[in-house]
Structures are given as C-alpha cells and as structure tokens.
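Under numbering that gives the first Met the number 0, the first residue of the sequence shown is numbered 0, with each subsequent residue one higher.
Glycine residues also receive a C-beta, built at the ideal position from the N, C-alpha and C atoms.
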Amino acid sequence: MLVGAGALRKATEAEPQTPYASTGSAAPVPATGGPSIAGQVRDAEGTGVDGATLTLTSLTGHQLGRTVTRSDGRYSMPTPDSGSYVLTAAADGHQPRAATLEVGEEPLAYDVLLAGTSGPDDEDLSRAR
Numbered sequence: 000m001l002v003g004a005g006a007l008r009k010a011t012e013a014e015p016q017t018p019y020a021s022t023g024s025a026a027p028v029p030a031t032g033g034p035s036i037a038g039q040v041r042d043a044e045g046t047g048v049d050g051a052t053l054t055l056t057s058l059t060g061h062q063l064g065r066t067v068t069r070s071d072g073r074y075s076m077p078t079p080d081s082g083s084y085v086l087t088a089a090a091d092g093h094q095p096r097a098a099t100l101e102v103g104e105e106p107l108a109y110d111v112l113l114a115g116t117s118g119p120d121d122e123d124l125s126r127a128r
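The following block contains the structure:
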C-alpha cells in the first residue's frame, strides 16, 4: 500500500517511534533489542529530503516501525531483530520507493534516493482547461 501525498506531513526533527513485533495477537507488542537502520533520504540533486516518511514492514506485510526524516534528510529506526524487512520511503513531490533489506547483527547504513514525480505541471493543466 502506498501512502498518499496528503497523508504525509513535514517535521523539523525526527519523531520518536516505537517499532512493533508481530506476535499473532491483535495488539502490537513493542520490539526491543534489534539492530537499527540509519541513513539519509535524498532527492535527485543529492539534497536531504525533510519530512520523508519511512515505514518498516515484515515480508508478510505487518508494519513494524515508522519514522520521519529530520531537516537534513537523516533518519534512524530500530528493527525487532536481525532478518529481512521492507523499507518504504515516501515524501511530497517524490515517487515512493521500497527496498528489501537484510539486517544482520550490526546496525545497517542505508541511504534512499527519491525521484521527483512525473506528470503535467500546472501550466500544462491550465492550458488543458
């Protein structure tokens, strides 16, 4: 599932987030003790993307964690444990990006490059009316 642009919000500092482990019950249980994933979300020009939302999910689709980048595009997110996860990054004005990551026993450095959206600009829309 992709996050719509309206669901994203800007933040000047990363919000503290609690990762969750799937226990098979309806209530999420906070995960502890896993290695972290950290890096920077950048645009095509190499500039850090402020307020990008990163979501960590299991390979079966359960959301395990979520965070928002700081003003320089940097982020850090703990994982429940070592293993394979899907990290999705999304931000206003950029196409979302997802990657499957293999997290070992040590923290993982992972930078994300977000491409700009493609489509007509406002000038093209005004001429079409």
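- Item | Whole-angstrom distance between Leu107 and Leu100, CA atom to CA atom | Translated into positions along the sequence shown, residue 100 becomes position 101. Translated into positions along the sequence shown, residue 107 becomes position 108. C-alpha separation (whole angstroms): 9 Å.
- Item | Rounded Cβ spacing between Leu63 and Pro79 (contact assumed at less than 8 Å) | For the purposes of this step, residue 63 is taken as residue 64 along the sequence shown, with counting starting at 1. For the purposes of this step, residue 79 is taken as residue 80 along the sequence shown, with counting starting at 1. Right, the Cβ-Cβ distance comes to about 6 Å (below 8 Å), so this counts as a contact.
- Which residues bound the beta strand (DSSP E) around Ala37? As a working mapping, residue 37 is identified with position 38 in the sequence shown. Note, Ala37: beta strand (DSSP E), Ser35 to Arg41.
- Message: Rounded to the nearest angstrom, what separates Val48 and Asp91 at their Cα positions?
- Response: On the sequence shown, position 49 is the one that residue 48 refers to. On the sequence shown, position 92 is the one that residue 91 refers to. Asp91 has its alpha-carbon roughly 10 Å from the corresponding atom of Val48.
- In the DSSP assignment, find the beta strand (DSSP E) that holds Glu44 and state where it starts and stops. Position 45 of the sequence shown, counted from the start, is the residue given in the question as residue 44. Looking at the DSSP string, Glu44 is not in any beta strand (DSSP E), and its letter there is neither H nor E.
- Message: Can you tell me whether Gly32 is buried or exposed? The criterion is at least 16 other CB atoms within 10 Å of its CB, across all chains shown.
- Response: The count along the sequence shown starts at 1 and reaches residue 32 at position 33. Exposed, because fewer than 16 other Cβ atoms sit within 10 Å of the Cβ of Gly32.
- Near Gln153, what residues of its chain come up, given a Cβ to Cβ distance below 6 Å and the 5 sequence neighbours on each side ignored? In the structure as shown, the chain begins at 0 and stops at 128. Residue 153 is therefore absent and cannot be evaluated.
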